[in-house]
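There are 4 protein chains.
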Amino acid sequence: MVMKLSFNTWPYASFPTWLPSYTLEETIKRLSKIGYEGIEIGAASPHAYPPTTTKERRIETKKILEHYGMEVAGMLPGLSGGPGHNVASPIPEERRHTIEHYKDVVELCAFWGGKTVLYIPGWQVFGTSLKQAWAWSVEALNEISKTAADYGVTLVIEPTSHDSNIVDRCDDAINMMEEVNKPNVKCMFDTFHALYRREVSTDYIYRMGKDLHHIHISDNDRLAPGQGKGDFVSVVNALKEIGYDGYLSMEIGFDRRDVEPDYVARQAYEYLKPLVDAVQGKK
Amino acid sequence: MVMKLSFNTWPYASFPTWLPSYTLEETIKRLSKIGYEGIEIGAASPHAYPPTTTKERRIETKKILEHYGMEVAGMLPGLSGGPGHNVASPIPEERRHTIEHYKDVVELCAFWGGKTVLYIPGWQVFGTSLKQAWAWSVEALNEISKTAADYGVTLVIEPTSHDSNIVDRCDDAINMMEEVNKPNVKCMFDTFHALYRREVSTDYIYRMGKDLHHIHISDNDRLAPGQGKGDFVSVVNALKEIGYDGYLSMEIGFDRRDVEPDYVARQAYEYLKPLVDAVQGKK
Amino acid sequence: MVMKLSFNTWPYASFPTWLPSYTLEETIKRLSKIGYEGIEIGAASPHAYPPTTTKERRIETKKILEHYGMEVAGMLPGLSGGPGHNVASPIPEERRHTIEHYKDVVELCAFWGGKTVLYIPGWQVFGTSLKQAWAWSVEALNEISKTAADYGVTLVIEPTSHDSNIVDRCDDAINMMEEVNKPNVKCMFDTFHALYRREVSTDYIYRMGKDLHHIHISDNDRLAPGQGKGDFVSVVNALKEIGYDGYLSMEIGFDRRDVEPDYVARQAYEYLKPLVDAVQGKK
Amino acid sequence: MVMKLSFNTWPYASFPTWLPSYTLEETIKRLSKIGYEGIEIGAASPHAYPPTTTKERRIETKKILEHYGMEVAGMLPGLSGGPGHNVASPIPEERRHTIEHYKDVVELCAFWGGKTVLYIPGWQVFGTSLKQAWAWSVEALNEISKTAADYGVTLVIEPTSHDSNIVDRCDDAINMMEEVNKPNVKCMFDTFHALYRREVSTDYIYRMGKDLHHIHISDNDRLAPGQGKGDFVSVVNALKEIGYDGYLSMEIGFDRRDVEPDYVARQAYEYLKPLVDAVQGKK
Numbered sequence: 301m302v303m304k305l306s307f308n309t310w311p312y313a314s315f316p317t318w319l320p321s322y323t324l325e326e327t328i329k330r331l332s333k334i335g336y337e338g339i340e341i342g343a344a345s346p347h348a349y350p351p352t353t354t355k356e357r358r359i360e361t362k363k364i365l366e367h368y369g370m371e372v373a374g375m376l377p378g379l380s381g382g383p384g385h386n387v388a389s390p391i392p393e394e395r396r397h398t399i400e401h402y403k404d405v406v407e408l409c410a411f412w413g414g415k416t417v418l419y420i421p422g423w424q425v426f427g428t429s430l431k432q433a434w435a436w437s438v439e440a441l442n443e444i445s446k447t448a449a450d451y452g453v454t455l456v457i458e459p460t461s462h463d464s465n466i467v468d469r470c471d472d473a474i475n476m477m478e479e480v481n482k483p484n485v486k487c488m489f490d491t492f493h494a495l496y497r498r499e500v501s502t503d504y505i506y507r508m509g510k511d512l513h514h515i516h517i518s519d520n521d522r523l524a525p526g527q528g529k530g531d532f533v534s535v536v537n538a539l540k541e542i543g544y545d546g547y548l549s550m551e552i553g554f555d556r557r558d559v560e561p562d563y564v565a566r567q568a569y570e571y572l573k574p575l576v577d578a579v580q581g582k583k
Numbered sequence: 301m302v303m304k305l306s307f308n309t310w311p312y313a314s315f316p317t318w319l320p321s322y323t324l325e326e327t328i329k330r331l332s333k334i335g336y337e338g339i340e341i342g343a344a345s346p347h348a349y350p351p352t353t354t355k356e357r358r359i360e361t362k363k364i365l366e367h368y369g370m371e372v373a374g375m376l377p378g379l380s381g382g383p384g385h386n387v388a389s390p391i392p393e394e395r396r397h398t399i400e401h402y403k404d405v406v407e408l409c410a411f412w413g414g415k416t417v418l419y420i421p422g423w424q425v426f427g428t429s430l431k432q433a434w435a436w437s438v439e440a441l442n443e444i445s446k447t448a449a450d451y452g453v454t455l456v457i458e459p460t461s462h463d464s465n466i467v468d469r470c471d472d473a474i475n476m477m478e479e480v481n482k483p484n485v486k487c488m489f490d491t492f493h494a495l496y497r498r499e500v501s502t503d504y505i506y507r508m509g510k511d512l513h514h515i516h517i518s519d520n521d522r523l524a525p526g527q528g529k530g531d532f533v534s535v536v537n538a539l540k541e542i543g544y545d546g547y548l549s550m551e552i553g554f555d556r557r558d559v560e561p562d563y564v565a566r567q568a569y570e571y572l573k574p575l576v577d578a579v580q581g582k583k
Numbered sequence: 301m302v303m304k305l306s307f308n309t310w311p312y313a314s315f316p317t318w319l320p321s322y323t324l325e326e327t328i329k330r331l332s333k334i335g336y337e338g339i340e341i342g343a344a345s346p347h348a349y350p351p352t353t354t355k356e357r358r359i360e361t362k363k364i365l366e367h368y369g370m371e372v373a374g375m376l377p378g379l380s381g382g383p384g385h386n387v388a389s390p391i392p393e394e395r396r397h398t399i400e401h402y403k404d405v406v407e408l409c410a411f412w413g414g415k416t417v418l419y420i421p422g423w424q425v426f427g428t429s430l431k432q433a434w435a436w437s438v439e440a441l442n443e444i445s446k447t448a449a450d451y452g453v454t455l456v457i458e459p460t461s462h463d464s465n466i467v468d469r470c471d472d473a474i475n476m477m478e479e480v481n482k483p484n485v486k487c488m489f490d491t492f493h494a495l496y497r498r499e500v501s502t503d504y505i506y507r508m509g510k511d512l513h514h515i516h517i518s519d520n521d522r523l524a525p526g527q528g529k530g531d532f533v534s535v536v537n538a539l540k541e542i543g544y545d546g547y548l549s550m551e552i553g554f555d556r557r558d559v560e561p562d563y564v565a566r567q568a569y570e571y572l573k574p575l576v577d578a579v580q581g582k583k
Numbered sequence: 301m302v303m304k305l306s307f308n309t310w311p312y313a314s315f316p317t318w319l320p321s322y323t324l325e326e327t328i329k330r331l332s333k334i335g336y337e338g339i340e341i342g343a344a345s346p347h348a349y350p351p352t353t354t355k356e357r358r359i360e361t362k363k364i365l366e367h368y369g370m371e372v373a374g375m376l377p378g379l380s381g382g383p384g385h386n387v388a389s390p391i392p393e394e395r396r397h398t399i400e401h402y403k404d405v406v407e408l409c410a411f412w413g414g415k416t417v418l419y420i421p422g423w424q425v426f427g428t429s430l431k432q433a434w435a436w437s438v439e440a441l442n443e444i445s446k447t448a449a450d451y452g453v454t455l456v457i458e459p460t461s462h463d464s465n466i467v468d469r470c471d472d473a474i475n476m477m478e479e480v481n482k483p484n485v486k487c488m489f490d491t492f493h494a495l496y497r498r499e500v501s502t503d504y505i506y507r508m509g510k511d512l513h514h515i516h517i518s519d520n521d522r523l524a525p526g527q528g529k530g531d532f533v534s535v536v537n538a539l540k541e542i543g544y545d546g547y548l549s550m551e552i553g554f555d556r557r558d559v560e561p562d563y564v565a566r567q568a569y570e571y572l573k574p575l576v577d578a579v580q581g582k583k
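As structure tokens, then:
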């Protein structure tokens with residue numbers, strides 16, 4: 301079992317604010333310097349929006365990743381078409397557009413050596429029933445998972461209660477995973493969303509168990525772990541208990557402009573690294 | 301001189317949050333009921349993202365607009381590719397993608413009878429000098445303005461200091477307008493950004509004068525006018541003084557999820573309508 | 301490369317509040333006791349307003365500085381004529397008055413062994429275009445820089461977005477420096493203003509690079525570094541990276557009356573001294 | 301007995317912030333439009349700093365005042381030499397400089413038809429005893445009052461507890477007035493300072509009685525009257541009771557940048573005008 305630390309690129313991209321903004325090369329260099337072994341890349345400008353990321357740039361980025369020994373811990377869709385990619389939109393063309401975007405992200409992720417793409421199950425537009433929205437989301441996930449299988453990529457369903465309303469709870473993700481029933485469709489969760497729902501993060505870890513394939517670490521209000529009210533000692537211990545083998549990926553500091561990305565990246569690393577090392581018998 | 305009230309669709313779209321979310325038809329119906337004469341449409345899903353808005357849907361929307369007697373006060377780009385369309389990106393493909401998006405928005409706007417498209421001058425990515433970013437933005441504006449001219453559309457440059465860093469001040473917009481020097485490139489401003497910069501909104505009105513072609517109305521923190529600390533009596537009086545002929549377009553309540561769109565739309569209308577009627581000799 | 305710590309006199313002067321208020325002699329004594337190697341002196345009463353600082357007092361102060369081994373890290377203009385010295389005022393006599401004040405400050409600074417005077421580029425009065433305000437500021441800087449050259453003094457342009465509106469951004473300062481194009485006109489920035497603009501302080505350091513000649517250190521809200529949300533570990537590391545050779549000058553605790561100057565001076569020193577020593581290879 | 305409303309120029313000057321900033325002509329025009337009969341002018345740039353206000357400008361301003369039928373309700377010193385004019389400075393040259401500034405303000409005030417200059421009794425610098433500071437302030441007031449007598453100007457002593465520490469209380473002002481004992485030295489007070497000290501404004505009115513020659517109106521935190529917690533109905537009634545004959549001068553909205561001057565001026569006028577009219581038997 302190996303737990304590794306990675307950092308999600310939103311604060312450097314940026315999303316959903318426009319600033320600050322760094323190139324992907326600069327971001328990889330900085331995260332490497334701080335100590336991260338992995339990077340979770342949002343498929344967003346100016347980093348990795350597939351339609352504007354040329355073949356040359358993809359190759360160049362691959363070399364840079366190798367140069368810094370930085371692994372792609374995962375990728376996730378960027379906003380597009382306004383609020384972002386809604387697999388549950390009532391507009392058929394929007395669902396189609398979203399599915400194609402996911403396939404592009406899967407392909408790009410695999411090219412850079414990544415094995416995990418996050419699946420955001422979408423949101424219910426007024427006039428659509430929850431059953432219908434769920435069905436469209438499952439349909440999209442089914443289709444995308446086939447492409448993902450071709451590329452050796454696993455899709456991980458993320459409950460995002462703070463922002464959406466289709467997969468809100470731990471069991472919503474598990475139920476969708478079971479309904480799709482594919483070996484390369486698994487679960488993940490984000491401690492931020494758990495805290496937002498006033499839930500206990502370790503409940504997710506024990507409940508998802510061997511199907512927990514990826515995890516987002518964030519304190520409340522997208523603070524670095526240790527800066528808020530979350531209990532990350534328990535999180536790390538629970539992960540060890542279930543034999544978690546994967547990334548702890550920081551998704552922090554991106555929901556507002558007044559963040560110094562290196563600062564939150566360093567805060568998170570310095571707080572979590574000793575905890576993770578301790579349970580893994582290092583130091 | 302005629303001043304009319306319009307409402308920007310972000311709280312219904314949504315942007316940058318995902319919820320709440322209404323179709324464009326539903327949005328038009330609701331705004332009409334409240335009393336608005338115009339709608340300012342974000343080119344965003346599920347409303348009007350050009351690549352996923354079919355010919356059929358465009359025609360259908362046009363009929364709905366006519367049915368409700370609702371004018372398109374303007375259109376503005378939706379986020380795409382993550383943080384949104386950056387005309388000043390160091391990535392050439394991203395600039396190209398952005399310019400093409402603007403052209404699509406211009407075309408769609410004209411099709412729906414609109415005559416104004418907002419121009420967001422972009423933001424400076426780390427490693428790009430401000431001079432270079434400015435030059436790329438001017439270059440893009442130049443190209444887009446040609447297409448806009450073909451469609452009888454005016455582009456209005458908006459200073460967005462809260463979110464970006466190229467056109468921050470009143471005079472930045474004026475200087476860019478003068479540098480491009482086209483009859484269909486004018487200025488606008490948003491009272492929210494003026495308040496954010498702790499500036500006086502009427503300073504913008506007097507300074508932009510006859511080149512002020514559009515205006516966003518918002519109190520501080522994206523509150524409806526009259527709910528915060530902004531002085532909208534002075535704004536309406538100053539608009540009358542310079543002979544402003546156009547829309548007062550509400551851009552409010554969209555930066556967070558916990559907003560009831562109809563509520564803020566009604567608050568704004570009920571506060572501003574009497575002020576506007578008074579200076580126009582109605583009432 | 302040597303980085304040294306200095307302290308700006310505003311909290312002892314005081315400015316812009318009237319209290320607390322200490323003589324310059326008392327201030328030098330206290331800062332020396334805390335450990336500062338440099339003092340940045342505001343040209344303000346009762347410390348160093350040139351028209352009321354007699355020859356005798358200048359000589360006496362010089363002796364006191366020598367007695368305590370305290371270097372003058374820099375000087376900056378004091379408020380005068382109300383809001384302060386506006387090099388961009390539409391009133392010609394005010395611009396003249398301001399320029400003469402700067403020359404007096406340059407002379408006094410050199411007499412006390414200082415080599416740096418801060419240049420505050422002024423603000424735009426209603427009715428003046430930004431272009432005109434900029435031109436007046438450049439004109440003043442040009443004239444002052446000649447006197448400064450005679451005295452071996454370097455002028456450093458400071459972006460002050462929190463308070464003014466001509467030089468707001470990093471690149472505004474760089475552009476003004478390049479336009480004036482004199483060997484004794486360089487750049488500086490204040491981490492407080494960067495934080496106020498929700499920017500990243502190290503972006504300024506990398507961007508200004510070899511032209512960064514002076515730096516103001518302050519956490520958000522003029523708190524001592526380490527008391528707010530600023531990332532000063534990154535700041536010190538970035539300064540080392542670019543080979544910065546000069547003062548880190550605290551400009552803190554002066555914007556309100558309820559401050560104990562020695563307290564904030566000590567807080568800043570105790571927080572920063574170890575960081576600076578560490579990157580300089582001291583223990 | 302006639303009570304009239306005037307407005308202090310700080311929010312237009314600006315002081316102590318730099319922005320917003322309007323010329324004196326623009327300020328007179330705006331205050332007149334709102335309805336004010338009087339203007340209280342800070343001797344500050346860009347309005348009326350004596351050393352940079354030429355003879356020509358003085359004559360031009362006089363004509364503008366006459367054109368708008370605007371009376372000068374009073375003048376007060378501008379900041380200078382940093383924190384401002386301290387009549388109680390331990391530095392003899394600073395006291396001399398301050399006294400000369402007051403004489404210049406008296407002369408300018410009289411030239412514009414004003415009959416009142418505010419006297420700010422200064423503050424105690426560390427190392428000076430209160431007795432000594434008081435003595436220097438009385439000495440300065442004595443000298444200035446002679447010049448004021450020559451110009452037919454009355455000096456009014458203002459307790460400024462929020463900002464200074466020599467004349468803090470109602471009776472401090474009365475005692476200083478009695479010690480100087482000149483027919484053209486009277487008292488005033490500011491409801492803001494009374495509220496800051498958690499005192500009752502009408503206590504000042506009854507206590508100062510016939511020696512109350514001028515009054516500053518402000519709610520707590522420099523809000524317009526009626527926007528905070530002050531009781532201005534009682535203030536206006538008490539003024540009528542003592543037969544107050546003079547200006548109610550708004551000194552509001554100037555301690556921070558994010559103020560729209562016209563807005564606070566209008567708020568204050570619309571709130572106080574009916575109260576004043578009512579006690580004066582106008583409807």
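Chains as they are written, first to last, in our numbering: chain L, 301 to 583; chain F, 301 to 583; chain G, 301 to 583; chain Z, 301 to 583. Even glycine gets a Cβ: it sits at the ideal position worked out from N, Cα and C. Source: prediction; values computed, not measured.
Contacts that residue 475 of chain G makes with chain F (C-beta to C-beta distance below 8 Å):
430, 431
Starting from residue 498 of chain F, find everything on chain Z with Cβ-Cβ shorter than 7 Å and list it in chain order.
Simply 557, 558.
If we require 3 or more residues per run, which beta strand (DSSP E) segments fall completely within the region 511 to 582 of chain F?
512 to 517, 546 to 550
Min CB distance residue 566 of chain Z to chain F below 8 Å
Yes, contact with chain F.
Whose CA, out of Z/331, Z/310, Z/416, lies closest to the CA of residue 547 of chain Z?
The option with the nearest alpha carbon to residue 547 of chain Z is Z/416.
Measure the alpha-carbon distance for residue 481 of chain F versus residue 421 of chain F and round it to whole angstroms.
16 Å
Relative to the C-alpha of residue 329 of chain G, which residue among G/397, G/561, G/400 is closest?
With respect to the C-alpha of residue 329 of chain G, the residue from G/397, G/561, G/400 having the closest C-alpha is G/561.
Nearest-angstrom beta carbon gap, residue 493 of chain Z and residue 534 of chain Z [assumed within contact, 8 Å]
Between residue 493 of chain Z and residue 534 of chain Z the Cβ distance is about 17 Å, and since that is not below 8 Å, they are no contact.
Give the range of the beta strand (DSSP E) segment to which residue 454 of chain F is assigned.
454 to 457
Check each candidate in F/386, F/303, F/357, F/364 and name the one with the smallest Cα separation from residue 315 of chain L.
For the residues F/386, F/303, F/357, F/364, the minimum Cα distance to residue 315 of chain L belongs to F/386.
Excluding the 5 residues flanking residue 368 of chain Z on each side, which residues of the same chain have their C-beta closer than 7 Å to its C-beta?
328, 329, 332
Going by alpha carbons, who is nearest to residue 455 of chain G out of G/464, G/489, G/467, G/418?
G/418
Leaving out five residues before and five after residue 479 of chain F in sequence, what residues of the same chain have Cβ atoms less than 8 Å from its Cβ?
438
What residues from the region 525 to 547 of chain G come within 8 Å of chain L, judged by C-beta to C-beta, listed N to C?
529, 530, 531, 533, 534
Residue-level contact to chain G via CB, residue 404 of chain L, 8 Å cutoff
no
Measure the alpha-carbon distance for residue 542 of chain F versus residue 503 of chain F and round it to whole angstroms.
12 Å
Show which residues of chain F have a CB atom less than 8 Å away from the CB atom of residue 469 of chain G.
430, 465, 468
Which residues DSSP lists as bridging residue 300 of chain Z, in chain order:
Nothing about residue 300 of chain Z can be read from this structure; chain Z reaches only from 301 to 583.
Is residue 320 of chain L close to chain G? Criterion is C-beta to C-beta, closer than 8 Å.
With 8 Å as the cut-off, residue 320 of chain L counts as an interface residue toward chain G.
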